[in-house]
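Undergrad:
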Amino acid sequence: MAVITPTETVSTTEVEIARTTLGASDTFAYTEGTTKYLVIDNVTAGSLTPNIDGDGATTAYFPGVGVVDLTGGYTLGSIAAGEIFILDLDHIKQYLQGTITLTGGDAAEAYILEV
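Just so you know, this note's numbering puts 121 at position 101 of the sequence shown, and the rest follows in order with no gaps.
The structure is reproduced here in C-alpha cells:
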C-alpha cells in the first residue's frame with residue numbers, strides 16, 4: 021500500500037512531481053478547502069476503473085437529487101491504456117471523509133497536484 025503524496029505547484033521555478041506507482045490499494049490525504057488534483061496516468065496495457073473510498077463517507081444530500089449513499093466510494097470512468105485522467109478532488113469532497121483508499125489502479129502512475 022503506497023501513499024500518494026501531494027506535490028505543491030506554487031513556485032516561481034520548475035517543480036518536480038512525485039509520482040507513485042499504484043498497487044492493489046493505496047491511500048492519500050485530503051483537506052477540504054485546499055485545491056488538489058488527482059492525476060492518474062494509465063501506463064498499463066489495459067483499461068482501469070479506479071475507485072476512491074473514504075471510510076468515513078456515509079450519505080450526502082445533493083439539491084435536486086436528494087440523499088445519495090456514498091459508502092461504495094466514487095468510481096471513475098474507465099481509463100484506457102495510455103490515457104491520463106485528472107480529477108479535481110474538491111468536486112468529490114463528500115466521498116473523501118476518513119481514511120481514503122484508491123483501488124483498481126494497479127500499475128498505473130498517480131500524483132496529486134496542490135495548487
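Cβ coordinates follow ideal geometry from the N, Cα and C atoms, glycine included. Nothing here was measured: the structure is a model prediction, and the numbers come from that model.
What does a CB cutoff of less than 6 Å around D75 pick up in its chain, not counting 5 residues either side in sequence?
TA: Along the sequence shown, one-based indexing puts residue 75 at 55. Same-chain partners within the cutoff: G118, T119.
Undergrad: Comparing C-alpha positions only, which one of L107, E134, Y115 sits nearest to D89?
TA: Here the question's residue 89 lines up with position 69 in the sequence shown. For D89, the nearest C-alpha among the options comes from Y115.
Undergrad: Return the chain-ordered list of same chain residues with a C-beta closer than 6 Å to the C-beta of T55, the five sequence neighbours on each side being excluded.
TA: Walking along the sequence shown from the start, residue 55 turns up at place 35. Once the five neighbours on either side are set aside, the close Cβ partners of T55 are V135.
Undergrad: Looking only at DSSP bridge pairs, what is N62 linked to?
TA: As a first step, residue 62 is located in the sequence shown; it is residue number 42 there, counting from the start. Paired residues: none, contrary to the question.
Undergrad: Could you check whether A22 and T64 sit closer than 7 Å to each other, using their CB atoms as the reference points?
TA: Along the sequence shown, read from residue 1 onward, the residue named residue 64 stands at position 44. Along the sequence shown, read from residue 1 onward, the residue named residue 22 stands at position 2. Going by C-beta atoms, T64 is not nearer than 7 Å to A22.
Undergrad: Jot down the residue ranges of each uninterrupted beta strand (DSSP E) in the segment 67-104, minimum 3 residues, whole runs only, in chain order.
TA: Whole beta strand (DSSP E) segments, 3+ residues: 71-74, 79-82, 86-89.
Undergrad: Compare the C-alpha of L109 against each of F48, G43, L68, T32 and name the closest.
TA: If you number the sequence shown from 1, residue 109 lands on position 89. Of F48, G43, L68, T32, the residue nearest in Cα terms is F48.
Undergrad: Identify the residues that DSSP records as bridge partners of E28: which are they?
TA: Taking the first residue of the sequence shown as 1, we reach residue 28 at position 8. According to DSSP, which records beta bridges pairwise, E28 is partnered with E134.
Undergrad: Cβ of A46 within 7 Å of Cβ of L107?
TA: Against the sequence shown, residue 46 aligns to sequence position 26. Against the sequence shown, residue 107 aligns to sequence position 87. As written in the sequence, residue 46 is Asp, which differs from the Ala given in the question. No.
Undergrad: Report the three-state DSSP secondary structure of I112 (helix, strand or coil).
TA: For the purposes of this step, residue 112 is identified with residue 92 of the sequence shown, where counting begins at 1. Note: I112 maps to helix in three-state DSSP.
Undergrad: Is DSSP giving V35 helix, strand or coil here?
TA: Here residue 35 corresponds to residue number 15 of the sequence shown, with the count starting at 1. It is coil, neither helix nor strand.
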